[in-house]
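In what follows, a single structure is set out as structure tokens and then discussed.
In structure tokens, the structure reads:
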């Protein structure tokens, strides 16, 4: 399976409605510790899910594989992709790169990422997530990792204007435990976590879940381990012809969510924005041209 193809997780999600009860049970089992849960023998996979071996064989064919060996080969490629470092990713791309200009090639990849991700977007998940983030009776926490903290910071800055009681959890592992003191049951924590998933972020998610917080996850097509703890997950395609993954699709969704939350909270948001503008004028924070 190439990086442009659907992941096994995406195939399971898109085929879920067409699966039998036993196959759905198997699908849930595979997603609990994805993708490692599918790398054992077919007998072990069946036993872990509490289904028969023929059920495993039928389901992998139903989601598009010729058989169990091809299914496992796809999972192994995903494991390799999630742990590959920037140099390895660039070398893989460079060997296969055609002669088109990078501007066109990169743009086409980003557009494909957007088209694929929006095609897989669950509107109910989107609506429910925005409703949670707009609920000012809940505290809202935002956290990112080494790379995704830039997305988290951007999201936090806008949410801080839109509504009250928003906290940006610093991703430094020796600092975030302090924030857990303030997380209450039914509060909302938005987490950004993409491949080369960070252990400290997973631990934070585990402890937040134990506190009863609602977790909204922005991740990639391979799914962060946090997905098994999240109430709502946005799985977005991030592959581009570069040593780095792309944040464009994630940013598009983030900005769309900001716009939706703004509509939901507009009376309060308008007052906050007007008050903020008065502060900017008093401090002369921005230049004004008259």
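Residue numbers (my numbering): 7 to 296.
The C-beta atom is built at its ideal place from N, Cα and C for all residues, glycine as well.
Owing to the predicted nature of the structure, the values given are computational and were not obtained by experimental measurement.
Beta strand (DSSP E) containing residue i: first to last residue?
{"i": "residue 146", "result": "146-149"}
{"i": "residue 68", "result": "Per DSSP, residue 68 belongs to no beta strand (DSSP E); it is in the alpha helix (DSSP H), 59-68."}
{"i": "residue 196", "result": "194-198"}
{"i": "residue 220", "result": "220-226"}
{"i": "residue 154", "result": "Element bounds for residue 154: n/a, residue is neither H nor E."}
On the DSSP bridge assignment, give the partners of residue i in chain order.
{"i": "residue 162", "result": "DSSP, once it has assigned bridges, lists no residue as partnering residue 162."}
{"i": "residue 174", "result": "148"}
Starting from residue i, trace the alpha helix (DSSP H) both ways and give me its first and last residue.
{"i": "residue 263", "result": "254-270"}
{"i": "residue 113", "result": "108-126"}
{"i": "residue 138", "result": "129-140"}
{"i": "residue 186", "result": "183-186"}
{"i": "residue 74", "result": "74-89"}
{"i": "residue 21", "result": "14-21"}
{"i": "residue 242", "result": "Not the alpha helix (DSSP H): residue 242 falls in the beta strand (DSSP E), residues 238-242."}
{"i": "residue 51", "result": "48-55"}
{"i": "residue 207", "result": "205-216"}
{"i": "residue 36", "result": "27-38"}
How close, in whole Å, do the beta carbons of residue i and residue j come, if the pair is a contact with beta carbons under 8 Å?
{"i": "residue 31", "j": "residue 56", "result": "7 Å"}
{"i": "residue 160", "j": "residue 260", "result": "7 Å"}
{"i": "residue 149", "j": "residue 239", "result": "So it is not a contact: roughly 15 Å between Cβ atoms."}
{"i": "residue 223", "j": "residue 199", "result": "7 Å"}
{"i": "residue 74", "j": "residue 87", "result": "In fact, because the Cβ distance is near 20 Å, the residues do not count as touching under 8 Å."}
{"i": "residue 192", "j": "residue 218", "result": "6 Å"}
{"i": "residue 123", "j": "residue 243", "result": "5 Å"}
{"i": "residue 275", "j": "residue 168", "result": "5 Å"}
{"i": "residue 258", "j": "residue 120", "result": "6 Å"}
{"i": "residue 58", "j": "residue 52", "result": "6 Å"}
Return the chain-ordered list of same chain residues with a C-beta closer than 7 Å to the C-beta of residue i, the five sequence neighbours on each side being excluded.
{"i": "residue 8", "result": "With a pLDDT of 41 at residue 8, under the threshold of 50, the modelled position of that residue is not reliable, and the figure given next carries that caveat. None."}
{"i": "residue 211", "result": "197, 221, 232, 235"}
{"i": "residue 162", "result": "148, 172, 174"}
{"i": "residue 273", "result": "none"}
{"i": "residue 28", "result": "57, 61"}
What does the alpha-carbon distance come out to for the pair residue i and residue j?
{"i": "residue 131", "j": "residue 38", "result": "19 Å"}
{"i": "residue 246", "j": "residue 157", "result": "18 Å"}
{"i": "residue 278", "j": "residue 290", "result": "18 Å"}
{"i": "residue 170", "j": "residue 127", "result": "28 Å"}
{"i": "residue 263", "j": "residue 281", "result": "23 Å"}
{"i": "residue 285", "j": "residue 41", "result": "50 Å"}
{"i": "residue 13", "j": "residue 48", "result": "19 Å"}
{"i": "residue 111", "j": "residue 267", "result": "34 Å"}
{"i": "residue 146", "j": "residue 60", "result": "46 Å"}
{"i": "residue 213", "j": "residue 186", "result": "8 Å"}
{"i": "residue 19", "j": "residue 249", "result": "28 Å"}
{"i": "residue 164", "j": "residue 33", "result": "37 Å"}
{"i": "residue 141", "j": "residue 129", "result": "18 Å"}
{"i": "residue 22", "j": "residue 89", "result": "27 Å"}
At a cut-off of 8 Å, would you count residue i as near the ligand FAD, judging by its Cβ distance to the nearest heavy atom?
{"i": "residue 132", "result": "The ligand FAD is absent from the structure shown, which contains no ligand whatsoever."}
Under 8 Å Cβ to Cβ from residue i, same chain only, skipping five residues before and after it: list those, please.
{"i": "residue 115", "result": "245, 246, 247, 252"}
{"i": "residue 10", "result": "With a pLDDT of 47 at residue 10, under the threshold of 50, the predicted position of this residue should be treated as unreliable, though the coordinate-derived value follows. Counting only Cβ-Cβ distances below 8 Å, and skipping sequence neighbours, we find 118, 245."}
{"i": "residue 24", "result": "68"}
{"i": "residue 136", "result": "263, 266, 267, 270"}
{"i": "residue 288", "result": "none"}
{"i": "residue 44", "result": "14, 36, 51, 77, 78, 81"}
{"i": "residue 190", "result": "145, 217, 218, 219"}
{"i": "residue 228", "result": "13, 15, 41, 84, 87, 88, 201"}
{"i": "residue 182", "result": "149, 175, 176, 206, 210"}
Give me, in chain order, the residues of the same chain whose beta-carbon lies closer than 6 Å to that of residue i; leave out the 5 immediate sequence neighbours on both sides.
{"i": "residue 138", "result": "194, 220"}
{"i": "residue 230", "result": "199, 203"}
{"i": "residue 237", "result": "220, 221"}
{"i": "residue 254", "result": "116"}
For residue i, would you say it is in contact with chain C, using Cβ-to-Cβ distances shorter than 9 Å as the test?
{"i": "residue 71", "result": "Absent from the structure: chain C. Only one protein chain is present."}
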